[in-house]
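Visitor: Have a look at this one before I ask anything.
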Amino acid sequence: MAKKIETALVHAGRKPTKAYGFVNPPLVRGSTVLHASNAAKDTTGQRRLEPVEIYGLYGTETHFALEAAIAEIEGGSHAQVTGSGLSAITMPLLAYLKTGEHLLVPDSVYGPTRSFCDGLLRRYGITTTYYDPMATPEALRPLFQPNTRVLFTESPGSHTFEVQDIPALSALAHELGAKVFLDNTWGIHHFQPFTRGVDVSIHALTKYPGGHSDIILGAVVVNTEADWRWLRIGSLELGNYASPDDCWLALRGLRTLHVRLKAQEAAAMRIAIWLESRPEVARVLHPAFPSCPGHEFYLRDFTGSCGLFGIVFQPQYTAADVVRMIDGLELFGIGASWGGFESLVLPTTGTIRRSAGTGVFEGEMARFQIGLENVDDLIEDLELGLAILRGA
Ligand SMILES: Cc1ncc(COP(=O)(O)O)c(C=O)c1O
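So for the sequence shown, our numbering puts the first residue at 1; every next one is plus one.
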């Protein structure tokens, strides 16, 4: 049966028809797995592609249940959990690329992805070219080199929220012999990567799947046996591991993800519309807004949004004004992660885009994560904050 997303989130990774079993998969913590006899001992662990419990490092029933669930929700064939969202970016890049090769990365990329490319990858002789996330395939084509093996994408972009034309960029990358990696963390289940040309989909499960700001976890999803082979072997060779406790919490988080996300998406839309109407705000950076670069791709490719968006203040407000406003808010925590039940805000100017073009913004910026509080309370808090911003 082709399940709709609410049903998949409830059932994925469980074996509900197992008689007399608990509803949730067990939390299995362990290193050593005992063998029935010497003859039954499995010595092939480092190359095993399928989910079998032969050593804790290679996964337990808890890891495999979460991996099955994430693969199903993404529409992929296999998933590998990782110790963090960042390692879900770095591990497959390390596993896939080799010295002398090149990758293309959007200028709007999550900061630590850029640090990894400019740091460890560069030291290992792998070079990166940053591109405008709104580049058309024609504009991007000249940036490909004969040794370009990966087109990295992140849609929408961290802090600036441009939506990329993933199908068109993927077609170009495949024509030129490169794999397409996508940081799909913002898209959650609203963007189905494998029907749009993506080869490797990346999630920080730390965010909405965790949902309670109390785990650090990532996942990498692929959709072919060939991609699974290099990903799984790379993961085993690198000693990649994720906490089973965090996997268990992510599995629990998945069951309520749909209702949390729906509420946070609606609350964020209300607040973003309200902020857009305010004279202190020059523009809202949210893929669902027609003013957002790539809004047409959002309408075409996404089934919804989440609680994370940005704003640009009018140019007369200084960085110090914005900091005063944020410090004065009562209900918004000052914090960098997102996807939890609580509202957060962060000044974001200076943490973003290095190149010119679509990366130039007229004023100071902030990023909001809208939680599950009452929306009227949040707006009242922001109204007081904007008065502080104005020096009123
Ligand atoms: C878009 C995006 N990708 C990846 C990550 C990394 O996730 P983690 O904090 O689990 O390493 C983050 C974290 O903020 C993020 O915003």
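We treat Cβ as the ideally placed atom computed from N, Cα and C, and that holds for glycine.
Are the stretch 279–292 and the stretch 154–173 touching, with three or more C-beta to C-beta distances below 8 Å?
Guide: The answer is yes - the stretch 154–173 touches the stretch 279–292, with three or more Cβ pairs under 8 Å.
Visitor: With contact counted as at least three CB pairs below 8 Å, one residue from each stretch, are the stretch 244–257 and the stretch 104–114 in contact?
Guide: Not touching, per the Cβ criterion.
Visitor: Flag A204 as yes when its Cβ comes closer than 7 Å to any non-hydrogen atom of ligand 1, and as no otherwise.
Guide: For the purposes of this step, residue 204 is taken as the residue at position 204 of the sequence shown. Yes; taking the cut-off as 7 Å, the Cβ of A204 has a heavy atom of ligand 1 nearer than that.
Visitor: Bridge partners of G333, per DSSP?
Guide: On the sequence shown, residue 333 is found 333 positions in, with the first residue counted as 1. DSSP output for G333 lists L344 as bridge partner(s).
Visitor: With G100 and N38 assumed to form a contact (beta carbons below 8 Å), what rounded beta-carbon distance in angstroms separates them?
Guide: The residue labelled residue 100 in the question sits at position 100 within the sequence shown. The residue labelled residue 38 in the question sits at position 38 within the sequence shown. Wrong, their Cβ atoms sit about 44 Å apart, outside the cutoff.
Visitor: Below 7 Å CB to CB, which residues in the same chain sit around I5 once its five sequence neighbours on both sides are set aside?
Guide: The residue given as residue 5 occupies position 5 in the sequence shown. Only H189 and H258 meet the Cβ criterion.
Visitor: Answer yes or no: do G218 and G85 have a C-beta to C-beta separation smaller than 8 Å?
Guide: Residue numbering aside, residue 218 sits at position 218 when the sequence shown is read from its first letter. Residue numbering aside, residue 85 sits at position 85 when the sequence shown is read from its first letter. Yes, the pair counts as a contact, with Cβ atoms nearer than the cut-off.
Visitor: Can you tell me whether R182 is helix, strand or coil according to DSSP?
Guide: Counting from 1 along the sequence shown, the entry for residue 182 is found at position 182. Contrary to the premise, residue 182 reads as Leu rather than Arg in this sequence. Three-state result, L182: strand.
Visitor: What number of angstroms, rounded off, separates the C-alpha of L346 from the C-alpha of F368?
Guide: Your numbering for residue 346 matches position 346 in the sequence shown. Your numbering for residue 368 matches position 368 in the sequence shown. L346 and F368: Cα-Cα distance of roughly 7 Å.
Visitor: List the residues that DSSP assigns as beta-bridge partners of T129.
Guide: As a position in the sequence shown, residue 129 is number 129, starting the count at 1. In the DSSP output, where bridge partners are listed per residue, T129 has L104.
Visitor: If you draw a straight line from the C-alpha of T303 to the C-alpha of F191, how long is it?
Guide: By 1-based counting over the sequence shown, the position of residue 303 is 303. By 1-based counting over the sequence shown, the position of residue 191 is 191. Cα to Cα, the separation comes out at about 7 Å.
Visitor: Since H63 and C247 should fall inside the 8 Å C-beta cutoff, what is the C-beta to C-beta distance between them, to a whole number of angstroms?
Guide: On the sequence shown, position 63 is the one that residue 63 refers to. On the sequence shown, position 247 is the one that residue 247 refers to. With 8 Å as the limit, H63 and C247 qualify as a contact, their Cβ atoms being about 5 Å apart.
Visitor: Take every Cβ of the stretch 198–206, pair it with every Cβ of the stretch 317–332, and state whether three or more of those distances are shorter than 8 Å.
Guide: No: fewer than three Cβ pairs fall under 8 Å.
Visitor: Might you give, ordered along the chain, the residues of its own chain that have their beta carbon closer than 6 Å to the beta carbon of P112, omitting 5 neighbours on each side?
Guide: Position 112 of the sequence shown, counted from the start, is the residue given in the question as residue 112. Excluding sequence neighbours, P112 sits near L86.
Visitor: Using a Cβ-Cβ cutoff of less than 8 Å, which residues in the same chain neighbour V33 once the five nearest sequence positions on both sides are dropped?
Guide: Here residue 33 corresponds to residue number 33 of the sequence shown, with the count starting at 1. Here the set comprises E53, I54, Y55 and G56.
Visitor: By alpha-carbon positions, which one of S243, S31 and L93 ends up nearest to R122?
Guide: Within the sequence shown, residue 122 is the residue found at index 122, counting from 1. If we check each option's Cα against that of R122, L93 comes out closest.
Visitor: Considering just the uninterrupted stretch of the alpha helix (DSSP H) at I273, what are its terminal residues?
Guide: Counting from 1 along the sequence shown, the entry for residue 273 is found at position 273. Its alpha helix (DSSP H) spans residues P244 to E276.
Visitor: Under 7 Å: does the beta carbon of Y55 sit that close to some heavy atom of ligand 1?
Guide: The sequence position of residue 55 within the sequence shown is 55, counting from 1. No, the Cβ of Y55 stays beyond 7 Å of every heavy atom of ligand 1.
Visitor: At the level of alpha carbons, what is the spacing between A356 and F144?
Guide: Numbered from its first residue, the sequence shown carries residue 356 at position 356. Numbered from its first residue, the sequence shown carries residue 144 at position 144. Reliability of the predicted coordinates at A356 is poor, the pLDDT of 49 falling under 50, and the value obtained from them is presented with this limitation in mind. C-alpha separation (whole angstroms): 20 Å.
Visitor: For M365, which beta-bridge partners are listed by DSSP?
Guide: If you number the sequence shown from 1, residue 365 lands on position 365. DSSP output for M365 lists V312 as bridge partner(s).
Visitor: Where DSSP assigns a beta bridge to E154, which residues make up the other side?
Guide: One-based indexing of the sequence shown puts residue 154 at position 154. Answer is D183, bridged to E154.
Visitor: Determine the burial state of H78: buried for a count of at least 16 other Cβ atoms within 10 Å of its Cβ, exposed for fewer.
Guide: Start at 1 with the first residue of the sequence shown, and residue 78 comes out as number 78. That one is buried.
Visitor: Quick one: grab the DSSP three-state call for A356.
Guide: Counting from one through the sequence shown, the residue named residue 356 turns up at place 356. In this prediction, A356 has a pLDDT of 49, which is less than 50 and means its spatial position is unreliable; nothing more can be read from the coordinates.
Visitor: Put L370 into one of helix, strand or coil per three-state DSSP.
Guide: Residue mapping note: residue 370 aligns to position 370 of the sequence shown, counting from 1. The sequence given here places Ile at residue 370; Leu does not occur at that position. DSSP places I370 in coil when its eight states are reduced to three.
Visitor: Mind checking whether A2 and E72 have CB atoms under 8 Å apart?
Guide: Within the sequence shown, residue 2 is the residue found at index 2, counting from 1. Within the sequence shown, residue 72 is the residue found at index 72, counting from 1. No, the pair does not count as a contact, with Cβ atoms beyond the cut-off.
Visitor: Rounded to whole angstroms, what's the CA-CA distance from A267 to G340? Just pull it up for me.
Guide: Against the sequence shown, residue 267 aligns to sequence position 267. Against the sequence shown, residue 340 aligns to sequence position 340. Each residue's alpha carbon lies about 14 Å from the other.
Visitor: In the DSSP assignment, what residue or residues form a beta bridge with H203?
Guide: The residue you call residue 203 lines up with position 203 of the sequence shown. Its beta-bridge partners are A219.
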